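Participant:
There are 2 protein chains.
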Amino acid sequence: VSTFLVRSRAGHYPVRVVPGGLARLGGFARALGLRRRAVVVSDAHVAALYAWTALRSLRRAGLAAELVTVPPGECSKGRAQLEALWRTFAALEVERDHAVVALGGGVVGDLGGFAAATYLRGLPLVMAPTSVVAQIDSSIGGKVGIDLPEGKNLAGAFYPPRGVLTDPLLLGTLPERHLRAGLAEGVKVGMAVVGAVFERLEGDAGRLIGRDPLALGRAVLGCARAKGELVSRDEFEAGPRTALNYGHTVGHALEVARRYRGTLHGEGVALGMRAAARLSQRVAGLPERDRLRLETLLDRLGLPRRLPPVGVQTLLGGMVQDKKRRGGRILWVLTPWVGFASVPRPVDKRLVRAVLVELGARAGR
Amino acid sequence: VSTFLVRSRAGHYPVRVVPGGLARLGGFARALGLRRRAVVVSDAHVAALYAWTALRSLRRAGLAAELVTVPPGECSKGRAQLEALWRTFAALEVERDHAVVALGGGVVGDLGGFAAATYLRGLPLVMAPTSVVAQIDSSIGGKVGIDLPEGKNLAGAFYPPRGVLTDPLLLGTLPERHLRAGLAEGVKVGMAVVGAVFERLEGDAGRLIGRDPLALGRAVLGCARAKGELVSRDEFEAGPRTALNYGHTVGHALEVARRYRGTLHGEGVALGMRAAARLSQRVAGLPERDRLRLETLLDRLGLPRRLPPVGVQTLLGGMVQDKKRRGGRILWVLTPWVGFASVPRPVDKRLVRAVLVELGARAGR
Numbered sequence: 446v447s448t449f450l451v452r453s454r455a456g457h458y459p460v461r462v463v464p465g466g467l468a469r470l471g472g473f474a475r476a477l478g479l480r481r482r483a484v485v486v487s488d489a490h491v492a493a494l495y496a497w498t499a500l501r502s503l504r505r506a507g508l509a510a511e512l513v514t515v516p517p518g519e520c521s522k523g524r525a526q527l528e529a530l531w532r533t534f535a536a537l538e539v540e541r542d543h544a545v546v547a548l549g550g551g552v553v554g555d556l557g558g559f560a561a562a563t564y565l566r567g568l569p570l571v572m573a574p575t576s577v578v579a580q581i582d583s584s585i586g587g588k589v590g591i592d593l594p595e596g597k598n599l600a601g602a603f604y605p606p607r608g609v610l611t612d613p614l615l616l617g618t619l620p621e622r623h624l625r626a627g628l629a630e631g632v633k634v635g636m637a638v639v640g641a642v643f644e645r646l647e648g649d650a651g652r653l654i655g656r657d658p659l660a661l662g663r664a665v666l667g668c669a670r671a672k673g674e675l676v677s678r679d680e681f682e683a684g685p686r687t688a689l690n691y692g693h694t695v696g697h698a699l700e701v702a703r704r705y706r707g708t709l710h711g712e713g714v715a716l717g718m719r720a721a722a723r724l725s726q727r728v729a730g731l732p733e734r735d736r737l738r739l740e741t742l743l744d745r746l747g748l749p750r751r752l753p754p755v756g757v758q759t760l761l762g763g764m765v766q767d768k769k770r771r772g773g774r775i776l777w778v779l780t781p782w783v784g785f786a787s788v789p790r791p792v793d794k795r796l797v798r799a800v801l802v803e804l805g806a807r808a809g810r
Numbered sequence: 446v447s448t449f450l451v452r453s454r455a456g457h458y459p460v461r462v463v464p465g466g467l468a469r470l471g472g473f474a475r476a477l478g479l480r481r482r483a484v485v486v487s488d489a490h491v492a493a494l495y496a497w498t499a500l501r502s503l504r505r506a507g508l509a510a511e512l513v514t515v516p517p518g519e520c521s522k523g524r525a526q527l528e529a530l531w532r533t534f535a536a537l538e539v540e541r542d543h544a545v546v547a548l549g550g551g552v553v554g555d556l557g558g559f560a561a562a563t564y565l566r567g568l569p570l571v572m573a574p575t576s577v578v579a580q581i582d583s584s585i586g587g588k589v590g591i592d593l594p595e596g597k598n599l600a601g602a603f604y605p606p607r608g609v610l611t612d613p614l615l616l617g618t619l620p621e622r623h624l625r626a627g628l629a630e631g632v633k634v635g636m637a638v639v640g641a642v643f644e645r646l647e648g649d650a651g652r653l654i655g656r657d658p659l660a661l662g663r664a665v666l667g668c669a670r671a672k673g674e675l676v677s678r679d680e681f682e683a684g685p686r687t688a689l690n691y692g693h694t695v696g697h698a699l700e701v702a703r704r705y706r707g708t709l710h711g712e713g714v715a716l717g718m719r720a721a722a723r724l725s726q727r728v729a730g731l732p733e734r735d736r737l738r739l740e741t742l743l744d745r746l747g748l749p750r751r752l753p754p755v756g757v758q759t760l761l762g763g764m765v766q767d768k769k770r771r772g773g774r775i776l777w778v779l780t781p782w783v784g785f786a787s788v789p790r791p792v793d794k795r796l797v798r799a800v801l802v803e804l805g806a807r808a809g810r
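Chain order of the listed sequences is A and B.
Going by our numbering, the final residue of the first sequence carries number 810, and the count climbs one at a time with no gaps.
Going by our numbering, the final residue of the second sequence carries number 810, and the count climbs one at a time with no gaps.
(1) Any residues in the region 529 to 558 of chain A with a beta carbon nearer than 9 Å to a beta carbon of chain B? Which ones, in chain order?
(2) Between B/Arg770 and chain A, is the shortest Cβ-Cβ distance under 8 Å, so that the two count as touching?
(3) With distances taken from CA atoms, which of B/Gly627, B/Arg452, B/Leu615 is nearest B/Thr708?
(4) Which word fits A/Trp497, buried or exposed, when buried means at least 16 other C-beta atoms lie within 10 angstroms of its C-beta?
(5) Provide the residue(s) that pair with A/Leu570 in DSSP beta bridges, ordered along the chain.
(6) Can you grab the Cα-Cα spacing for the pair B/Leu599 / B/Gln726, in whole Å?
(7) Could you have a look at B/Lys597 and say whether DSSP puts it in helix, strand or coil?
(8) Against chain A, does B/Val462 count as a neighbour if the rule is that its beta carbon must be under 8 Å from one of theirs?
(9) Can you name the residues that DSSP bridges to A/Asp488?
(10) Report the CB separation of A/Leu804 from A/Leu761 in whole angstroms; it is logged as a contact under 8 Å.
(11) With A/Gly523 and A/Ile591 assumed to form a contact (beta carbons below 8 Å), what rounded beta-carbon distance in angstroms separates them?
(12) Is A/Gly692 closer than 8 Å to A/Met718 when the C-beta atoms are compared?
(13) By a C-beta neighbour count over all protein chains shown, 10 Å radius and 16 as the cutoff for buried, is B/Arg736 buried or exposed?
(14) Can you tell me the Cβ-Cβ gap for B/Arg607 and B/Leu570, rounded? I've got them flagged as a contact below 8 Å.
(15) Scan the region 571 to 589 of chain B for residues whose Cβ lies nearer than 7 Å to a Cβ of chain E and list them as they occur along the chain.
(16) According to DSSP, which residues form a beta bridge with A/Trp777?
(17) At 9 Å on the CB atoms, spell out the chain A contacts of B/Tyr691, in chain order.
(18) Let me know the secondary structure DSSP gives B/Thr448 once reduced to three states.
(19) Would you check if there are 3 or more beta carbon pairs closer than 8 Å linking the region 579 to 597 of chain B to the region 692 to 702 of chain B?
(20) Whole alpha helix (DSSP H) runs in the region 684 to 731 of chain B with 4 or more residues, listed along the chain?
(21) Beta strand (DSSP E) containing B/Arg461: first to last residue?
(22) Quick check on B/Lys633: does DSSP put it in helix, strand or coil?
(23) Measuring alpha carbon to alpha carbon, tell me which of B/Val609, B/His697, B/Arg541 ends up nearest B/Arg461.
(24) Please classify A/Ser447: is it buried, with 16 or more other beta-carbons within 10 angstroms of its beta-carbon, or exposed?
(25) Assess contact between the region 530 to 538 of chain A and the region 454 to 473 of chain A, defined as three or more Cβ pairs (one per stretch) separated by less than 8 Å. Is contact present?
(26) Does the beta-carbon of A/Arg543 have 16 or more other beta-carbons within 10 angstroms, so that it is buried, or is it exposed?
(27) Measure from the C-beta of A/Gly601 to each C-beta in chain B and report whether the shortest distance is under 8 Å.
(28) B/Gly824 versus chain A: which residues are under 7 Å apart at the beta carbon?
(29) Suppose you measure from the CA of A/Ala808 to the CA of A/Ala720; what does that come to, to the nearest Å?
(30) Does any CB atom of chain B fall closer than 8 Å to the CB of A/Glu595?
(31) Where does the unbroken alpha helix (DSSP H) through A/Thr533 begin, and where does it stop?
(32) Here's a check: name, in chain order, each residue in its chain whose Cβ is nearer than 6 Å to the Cβ of A/Lys769, leaving out the five neighbours to either side.
(33) Measure from the C-beta of A/Arg524 to each C-beta in chain B and report whether the shortest distance is under 8 Å.
(34) Spatial neighbours of A/Arg656 within its chain, please: C-beta separation below 8 Å, excluding the five flanking residues on both sides.
(35) Can you tell me the Cα-Cα spacing of A/Gly747 and A/Val577, whole angstroms?
(36) Given that B/Ala562 touches chain A, what residues does it touch there, using C-beta distances under 9 Å?
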């Protein structure tokens, strides 16, 4: 069992990482002062596996509990699903002191969290992340939102949850590809924030893919704690938290280019990290050896080595819609060494093109 | 010239009430630290009158400035317009340090403010209110949002602006019916919060309808300051700020029943105050004399005396969707005397029905 606190403008909130924790969701909610009613927002896949455990625990703790599901997959994170949730909350006569529990991966957390942030100007929110990405990254820090046709996460809010309950045992049922993709975000935390996390992932890579519960628990706790420390210092992403955008410049652009299909978020981030590391080697002094350590770790985790057939121009176009852009320029988080990220900075476009082509992008559109 | 500060979780922000202030919008924005670009969100009516002044002032102060208009009227405050604004911001390549200026009445402030609150997880927001309701009430306090088919303001956020620039001279061009309806919110502040404001409105009623600039400036400043003090003490509407819901239980229900057509918000609030005052007289000890003072003031301001032909049941149904409801009960803010509001409390449904029928609602649906 391990609990740590994350600071936000609304006070501190606990992140509790405990194997088997989902069965104690009700007690966790009560300890947060939530006592009347909880609406569990989940996707159909996750709900089939875990909704029963969550609802039972809430009810045993004396809360009324309901389940609302959204279709699984990244394309659920849009305006239509947001509106459907708002209207479902209205139909369920949800009130200001009813809680929303986001039980699922990043999509459910972002979408359900944004619906909670905006219904009746904000309902209490509990994150119960079920994917690697959600457990180590997206459930912590209060970033919620949806995608627009023009780009990822363009509409959203900073809305801290009341608490996060993370059960690493839930990762046991993840599809293998999602497990691997999720671990890319762990590599990101290691590479851009805490060198020790990177080293532990190197040591545990085989065990992680083999779903060793102890290794998964260690990885989740290490990454989640690093993320928690970062957002405690920088809730609104004005400073150090930007380190977490490492790998996301290409990652987002790839998702936009492919319309959020075919490439998982973590796979895009893995490719983005390969690109950022190559740029870091050329302009930020990242030693060849460390760049290779990154690429080897990504290889061992079975993450993609080459971009899908997308044009360089299309990718660059997708980057221009990126939130990290300031004054029309595309900015890159670079890593001069393992565990350290630069502030976002521009990079010569010719170098960027060369690296993208090296990774398999088509020259041209 | 008068400026006061409002406290919010994000720090204090200034509310500047100054005749002719709109021509100094650019300097106001710069003083708030906004220097790059401003997107002025307005409705077509207001834009025709005032957008040029606003844009010129911003540009003279060195900001790039653009105008985005929404259709005028309460039906603009919906999901379609929110999405249109999000997508327009994307098309304009709006970035995190670009400001949104909401130039208009309550609808523009709520809708433009909510779009600003949620685009890129929050853009800096300046309120430039142009209607009575917006100047004395809705521009202050950070409540932004949209309506859903199920009810008013069901989706939204608490999102404090960077600053509010109020120019009472802009009220000179308001359609008379809107001027009268807006003054109902001033009466509300007087009746439920500050007795002295109520007395000043009684003294100035004729001058206000005659658009005497001094009387309008006094009323705006007095009400805005009272509102500012209230929200400084209670940003998230957990305590004293609920006083401002006086008159809104019936007001909202009426708007829902009429689908936001035919009745202006302030007209609904005026009828809601008549209902709440009658209930206050019966169950909260409001003296007959003070109830008559309220009704007389509303009469002198030309505000409606009778409900449109709506069924009592329909109205009660609309109240159930009200955010002030807790545990399924309909709660009322009552006034035992002028300038003092009770906490929201339930009232015997038979009394409510009787008062609604007395005010002209049809018995039945």
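Glycine included, each C-beta is placed from N, C-alpha and C at the ideal position.
None of the values given here were measured: they were computed from a predicted structure.
Facilitator: Let me spell this out:
(1) Trp531, Arg532, Phe534, Ala535, Ala536, Glu538, Glu540, Arg541, Asp542
(2) Unreliable positioning characterises B/Arg770 in this predicted model, as indicated by a pLDDT of 49, which lies under 50. The coordinate reading is nonetheless provided below. With its beta carbon less than 8 Å from one in chain A, B/Arg770 belongs to the interface.
(3) B/Gly627
(4) exposed
(5) A/Leu570 pairs with A/Val545.
(6) 31 Å
(7) strand
(8) no
(9) A/Val515
(10) Actually they are not in contact, since the Cβ atoms of A/Leu804 and A/Leu761 sit about 14 Å apart, beyond 8 Å.
(11) That pair is a contact at about 6 Å.
(12) yes
(13) buried
(14) Contact holds; Cβ gap of about 6 Å.
(15) The structure shown contains no chain E; its protein chains are A and B.
(16) A/Arg790
(17) Within 9 Å Cβ-Cβ: nothing; B/Tyr691 doesn't reach chain A, min ~19 Å.
(18) strand
(19) yes
(20) Counting only runs of at least 4 residues, the region 684 to 731 of chain B fully encloses the following alpha helix (DSSP H) elements, listed from N- to C-terminal order: 693 to 702, 710 to 728.
(21) 456 to 462
(22) helix
(23) Comparing Cα positions, the closest option is B/Val609.
(24) In this structure A/Ser447 is exposed. Its beta-carbon is surrounded by fewer than 16 other beta-carbon atoms within 10 angstroms.
(25) no
(26) Residue identity differs from the one stated: residue 543 of chain A is His in this sequence, not Arg. With 16 or more other Cβ atoms within 10 Å, it is buried.
(27) yes
(28) The requested residue 824 of chain B does not occur in the structure, where chain B is confined to residues 446 to 810.
(29) 16 Å
(30) Using a CB distance cut-off of 8 Å, A/Glu595 counts as an interface residue toward chain B.
(31) 524 to 536
(32) Per-residue confidence for A/Lys769 stands at a pLDDT of 49, beneath the threshold of 50, marking its modelled position as unreliable; the derived number appears in the next sentence. Taken in chain order, the residues that qualify are Asn690, Leu776, Pro789.
(33) It does; some Cβ of chain B falls within 8 Å.
(34) Leu616, Gly617, Leu624
(35) 15 Å
(36) Within chain A, the residues near B/Ala562 are Thr563, Ala602.
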